[in-house]
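Engineer: In this note's numbering, each number is its position in the sequence shown, counted from 1, plus 6. Where a beta carbon is used, it is the ideal one built from N, C-alpha and C, also for glycine. Keep in mind the model is a prediction, meaning the values are calculated, not measured.
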Amino acid sequence: MVTPERSAQGLEVRQVSYEDHAQLVSALKGVHTLISLIGGDASALWNAQASLLAAARAADVTRFAPSEYAGIGYEGIDLYASSKAEIWTQCLAAKQETGMEVARFNCGLFMSILATGTSKGITEVGRREGAETGEEEALAGLRPWNFVLNLRAGTADLPGDGSAKVAWTEMRDVASFMFHALSLPRWPENLNMRGDLRSFREVLEIVQRVQGRKFLVRENSIEEMEDLAQEQGKRFYNQVRVALVKGYCDVPDDLNRMFPEIQPIDCESFVKKWWSDFPLPEAAWEKDQAFM
């Protein structure tokens with residue numbers, strides 16, 4: 007299926023059912039590299055990707071990258087342990103049994119979420135991409151999410167004391183690193199990247215300076231976050247925060263060193279772009295989106 011918009015971009019869309027193995031295999035015939043961008047709940051991350059990987063093996067796909075795009079590992083995060091971890095185990099089996107190259111693209115946290123709530127207007131980049139607002143442009147395909155920091159409300163719900171190092175990578179920079187990785191003669195099992203390495207405390211200092219106001223700050227011990235993870239709808243949020251304290255998102259810069267020509271945006275530049283020069287209310291706690 008080729009839509010006029012995709013055709014103009016030189017892209018082909020192959021419409022398939024993930025429940026139809028033969029159809030998936032047919033769609034993947036002749037494909038060298040398959041990169042999964044599937045997101046959502048554990049069922050989507052597991053069922054659709056398991057079908058995709060099985061079809062990739064049958065179609066003799068050379069390279070496969072499952073949907074990762076986070077920190078390294080899955081320990082203590084139930085959503086990932088029941089989906090991403092299982093898929094990665096299958097990927098390693100495919101590598102051993104067929105010689106398929108498999109790799110996890112690890113980027114830490116998406117820097118783009120730091121634009122959630124911005125009132126800044128759209129730029130030429132956003133207009134070219136079809137975004138309708140500045141926030142939509144900055145999020146670059148992500149849904150709005152006040153994760154730890156609510157930059158509009160002026161609050162910081164820190165993991166621990168907020169000092170753990172975190173890799174941050176803007177969505178378009180993730181795409182640039184992945185595009186360049188296609189040229190590597192062989193893929194290692196982990197393809198790590200980062201746009202910046204900053205603790206939440208460091209990002210908070212940047213935001214307060216750019217916005218010209220003090221945030222309301224709350225520190226959370228590992229024990230407190232583990233207790234909060236037992237509450238309905240707060241498991242994923244708090245399990246990830248616990249993992250952050252333990253270094254989950256301290257992702258190395260392997261792809262940065264392989265491709266020094268890529269100059270990713272850093273946290274300070276991103277925050278200045280999307281949060282400078284417009285008025286904001288006095289800081290106040292809000293109910294944040296702590297789903298799954």
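(1) Anyone know if the C-beta pair for Q245 and L157 falls short of 9 Å?
(2) How would you label W1, buried or exposed, when you count the other beta carbons within 10 angstroms and need 16 or more for buried?
(3) I'd like to confirm the pairing. Which residues does DSSP put opposite V108 in its beta bridges?
(4) Does the count of Cβ pairs from the region 157–174 and the region 113–131 closer than 8 Å reach three?
(5) Tell me the DSSP secondary structure of G132 in three-state form.
(6) Could you pull out every residue in the same chain whose Cβ sits closer than 8 Å to the Cβ of K302, ignoring the five residues on either side in sequence?
(7) What's the call for R263, buried or exposed, on a 16-neighbour Cβ count within 10 Å?
(8) How would you label D233, buried or exposed, when you count the other beta carbons within 10 angstroms and need 16 or more for buried?
(9) Run through the DSSP bridge pairs and tell me what L40 is partnered with.
(10) Could you please give me the residues that DSSP links to E225 through a beta bridge?
(11) Report the rounded CA-to-CA distance for A109 versus P258, giving the unit in angstroms.
(12) D256 by DSSP, collapsed to three states: which one?
(13) Does the Cβ of F309 have 16 or more other Cβ atoms within 10 Å, making it buried, or fewer, making it exposed?
(14) Is Y80 closer than 9 Å to F111 when the C-beta atoms are compared?
(15) Per DSSP, which one or two residues make a beta bridge with W174?
(16) So, at 7 Å on beta carbons, what are the nonlocal neighbours of G16 in its own chain, with the 5 sequence-adjacent residues on each side left out?
(17) Which residues in the same chain as V248 place their Cβ atom closer than 8 Å to its Cβ, once the five residues preceding and following it in sequence are excluded?
(18) How is the alpha helix (DSSP H) around S282 delimited, first residue to last?
(19) Closest to T161 by CA distance: which of V223, P150 and S88 is it?
(20) Using the rule of at least 16 other Cβ atoms within 10 Å of the residue's Cβ for burial, across every protein chain shown, is K90 buried or exposed?
(21) Just checking, does the region 127–134 make contact with the region 86–100 on the three C-beta pairs under 8 Å criterion?
(22) Out of E138, E208, W52 and L190, state which residue places its alpha-carbon closest to the alpha-carbon of G168.
(23) If you draw a straight line from the alpha carbon of L30 to that of I78, how long is it in whole angstroms?
(24) Taking Y24 and A54 to be in contact with their CB atoms under 8 Å, please state how far apart those CB atoms are, rounded to whole angstroms.
(25) For the alpha helix (DSSP H) holding A62, just list the boundary residues, first then last.
(26) Which residues in the same chain as V277 place their Cβ atom closer than 7 Å to its Cβ, once the five residues preceding and following it in sequence are excluded?
(27) What is the rounded straight-line gap between the Cα of L210 and the Cα of Y86?
(28) From this set, K220, N152, F242 and A61, which residue's C-alpha is nearest D84's C-alpha?
(29) Pull the bridge partners of L197 from the DSSP assignment, please.
Structural biologist: Per the coordinate set shown:
(1) It is not a contact, given that the beta carbons lie outside the stated cut-off.
(2) There is simply no residue 1 to check, as the chain begins at 7 and stops at 298 in what is shown.
(3) Residue pairing from DSSP places V108 in a beta bridge opposite F70.
(4) Counting C-beta pairs with one atom in each stretch, the region 157–174 and the region 113–131 have three or more that are closer than 8 Å, which means they touch.
(5) Helix at G132.
(6) Residue coverage of the chain in this structure runs from 7 to 298, which leaves residue 302 outside it and unanswerable.
(7) Sixteen is the threshold: since fewer than 16 other Cβ atoms of the shown chains lie within 10 Å of the Cβ of R263, the residue is exposed.
(8) Exposed, by the Cβ-count rule.
(9) Residue pairing by DSSP places L40 opposite F70 in a beta bridge.
(10) In the DSSP output, where bridge partners are listed per residue, E225 has L164.
(11) One C-alpha to the other measures close to 15 Å.
(12) D256: coil per DSSP, three-state reduction.
(13) Because residue 309 is not part of the residues shown, which for the chain are 7 to 298, the question remains open.
(14) Taking a C-beta distance under 9 Å as the contact criterion, F111 and Y80 do not qualify as a contact pair.
(15) For W174, DSSP records a beta bridge to L115 and D202.
(16) Cβ within range, chain order: n/a, list empty.
(17) For V248, the CB contacts under 8 Å within the same chain, skipping 5 residues up- and downstream, are G82, P165, I228, M231, E232 and A235 in chain order.
(18) Taken as a continuous stretch (DSSP letters only), S282 belongs to no alpha helix (DSSP H), as it is neither H nor E.
(19) It is V223.
(20) K90 is buried by the Cβ-count criterion.
(21) With a cut-off of 8 Å, the region 86–100 and the region 127–134 do not count as touching, because too few Cβ pairs lie within range.
(22) It is E208.
(23) Cα atoms of L30 and I78: separation of roughly 29 Å, rounded to the nearest angstrom.
(24) Confirmed, about 5 Å.
(25) Where A62 is concerned, the enclosing alpha helix (DSSP H) stretches over Q55 to A64.
(26) Excluding residues up to 5 positions away in sequence, L120, I212, V213 and V216 lie with their Cβ nearer than 7 Å to the Cβ of V277 in the same chain.
(27) Take the alpha-carbon of L210 and the one of Y86: they are about 27 Å apart.
(28) Ranking the options by Cα distance to D84, first place goes to F242.
(29) Looking at the DSSP assignment, L197 forms a beta bridge with F111.
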